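Undergrad: With numbering that gives the first Met the number 0, the residue at position 249 of the sequence shown is 248, and numbering never jumps. Got a structure here, written out as structure tokens. Questions coming.
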Amino acid sequence: MAGGTGGHVFPGLALAEELRRRNFQIEWLGTVKGIESTLVPAAKIRLHTIAIAGIRGRGIKALALAPWKILQTVVAAKRLIAKLKPCLVVGFGGYASGPGGLAAKLSGLPLLIHEQNAIAGTTNKWLAKIANRVATAFPDVFQGAEFVGNPIRQELCDLTRSNQVTEQVNLLVLGGSRGAKAINEVLPLAAAGLDSEKVRIMHQCGKGHLSATAEAYEKHFANGRVVEFISDMQQAFTWADLVISRSGASTVTELAEVGLPAIFIPFPYAIDDHQTENAKYLALAGAAHILQQEEATPDKLAKMIGQLVTQPSVLYDMGKKAKAMAKSGATAKLADLCEELMHG
Numbered sequence: 000m001a002g003g004t005g006g007h008v009f010p011g012l013a014l015a016e017e018l019r020r021r022n023f024q025i026e027w028l029g030t031v032k033g034i035e036s037t038l039v040p041a042a043k044i045r046l047h048t049i050a051i052a053g054i055r056g057r058g059i060k061a062l063a064l065a066p067w068k069i070l071q072t073v074v075a076a077k078r079l080i081a082k083l084k085p086c087l088v089v090g091f092g093g094y095a096s097g098p099g100g101l102a103a104k105l106s107g108l109p110l111l112i113h114e115q116n117a118i119a120g121t122t123n124k125w126l127a128k129i130a131n132r133v134a135t136a137f138p139d140v141f142q143g144a145e146f147v148g149n150p151i152r153q154e155l156c157d158l159t160r161s162n163q164v165t166e167q168v169n170l171l172v173l174g175g176s177r178g179a180k181a182i183n184e185v186l187p188l189a190a191a192g193l194d195s196e197k198v199r200i201m202h203q204c205g206k207g208h209l210s211a212t213a214e215a216y217e218k219h220f221a222n223g224r225v226v227e228f229i230s231d232m233q234q235a236f237t238w239a240d241l242v243i244s245r246s247g248a249s250t251v252t253e254l255a256e257v258g259l260p261a262i263f264i265p266f267p268y269a270i271d272d273h274q275t276e277n278a279k280y281l282a283l284a285g286a287a288h289i290l291q292q293e294e295a296t297p298d299k300l301a302k303m304i305g306q307l308v309t310q311p312s313v314l315y316d317m318g319k320k321a322k323a324m325a326k327s328g329a330t331a332k333l334a335d336l337c338e339e340l341m342h343g
């Protein structure tokens, strides 16, 4: 069970692939509107959907109707469980995980949940109280939980970087698949304060932002390449010496795994400001810097980038510290937990 955003879905897909490799059949519970509606079928996994959306921040009417809607979706999930007869239910968070997790317990099935962020989401907070096992991507999220790390794509687990920085520094900017408007707007302006002979920029701007972002670079910086989407992250991370991005759980985990230093600009509207807490995991280890969005002016960002790209030894050291914080093997560890619960 996982849905809504890539932060929930991608770790779920990584675990699903590992379990399929171990000859388990996978069924997925999600929603029609979430990113899982396209990603899960593309992975050749059968998707079952229930009609549910988030409640927080949607007003009094949504809160008043919530008990009835939750009851409806729990009943629907319980019917699905009776039909599919699974031996284990795994929840990664998102809207569908709540009703699905409760239905699993009402059906007498073992329940494992995995929390990807440094601050738990609403669904996992209350599922943790009834789950048989709780696993986390960051330490100290739940008392008594198992800190296993975050499942990530296998090609990044296999990536080996030298961390040696040449005279020309490669800066990778990740705006996310949907685009981070603030990052797309401020980076070309900040780049104007950099030496284009010493810095190369690859900027992934997200769908629908290519034209405006590319025009901004043409105006302000001569050595920038803009793309909507990067399909080969292994190649991009091999190329990069420094990354600027949001600090979603998957991004933080992947940068630690491949040993890349970062400047994080957390999404300021994330629930409970969990992106800042995610970023602190690497920042407190000396592997990253955090610049809040309201502070990320072109001048401040240019100064921060400039200080780093002129000190290759600092970038090298930050990369080593990032790698030291990696919690490798999360996918296999989660799959092992699944087998323990199933064979119980």
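Even for Gly, the Cβ is constructed at its ideal location relative to N, Cα and C. Quick caveat: nothing in here was measured; it's all calculated off a predicted structure.
#1: What would DSSP say about Ile243, mapped onto helix, strand or coil?
#2: Whole angstroms is fine: what's the gap from Gln306's alpha carbon to Tyr268's?
#3: When DSSP builds the beta bridges, which residues end up paired with His288?
#4: Locate the beta strand (DSSP E) running through Arg115, then write down its first and last residues.
#5: Rounded to a whole number of angstroms, what is the C-alpha to C-alpha distance between Ala334 and Ala119?
#6: Kindly list the residues whose CB is nearer than 6 Å to the CB of Val88, restricted to its own chain and excluding five residues on each side of it in sequence; keep chain order.
#7: Just verifying my parser: in three-state terms, what is the DSSP assignment at Gln142?
#8: Answer with buried or exposed for Lys332, where buried requires no fewer than 16 other C-beta atoms within 10 angstroms of its C-beta.
#9: Leaving aside the five residues before and after Arg160 along the sequence, list all residues of the same chain whose C-beta is less than 8 Å from its C-beta, in chain order.
#10: If you draw a straight line from the alpha carbon of Leu170 to that of Ala239, how long is it in whole angstroms?
#11: Under the three-state reduction of DSSP, which class applies to Arg152: helix, strand or coil?
#12: Whose C-beta lies closer than 8 Å to the C-beta of Leu18 among residues of the same chain, with five residues either side of it excluded?
#13: May I have the straight-line CA-CA distance separating Leu64 from Gly11, to the nearest angstrom?
#14: Curious, which full-length alpha helix (DSSP H) runs of at least 4 residues does the region 190–261 contain?
#15: Select from Lys84, Val73, Val147 and Pro187 the residue whose C-alpha is nearest the C-alpha of Glu114.
#16: Taking DSSP as the reference, what is the three-state secondary structure of Asn131?
#17: Is DSSP giving Gly97 helix, strand or coil here?
#18: Let's see if you can read the secondary structure: which residues bound the beta strand (DSSP E) around Thr48?
TA: Reading off the structure:
#1: strand
#2: 28 Å
#3: Ile262
#4: Going by the sequence as given, residue 115 is Gln instead of Arg. Segment: none, Gln115 is in no beta strand (DSSP E) and carries neither H nor E.
#5: 21 Å
#6: Ala103, Leu108 and Leu110
#7: coil
#8: buried
#9: Phe236, Thr237, Val257, Gly258, Leu259 and Gly318
#10: 6 Å
#11: coil
#12: Ile25, Ala334 and Cys337
#13: With a pLDDT of 48 at Leu64, under the threshold of 50, the modelled position of this residue cannot be trusted; read the value that follows with caution. If I take the Cα positions, the gap works out to 29 Å.
#14: 209–219, 232–238 and 248–257
#15: Val147
#16: coil
#17: helix
#18: Arg45 to Thr48
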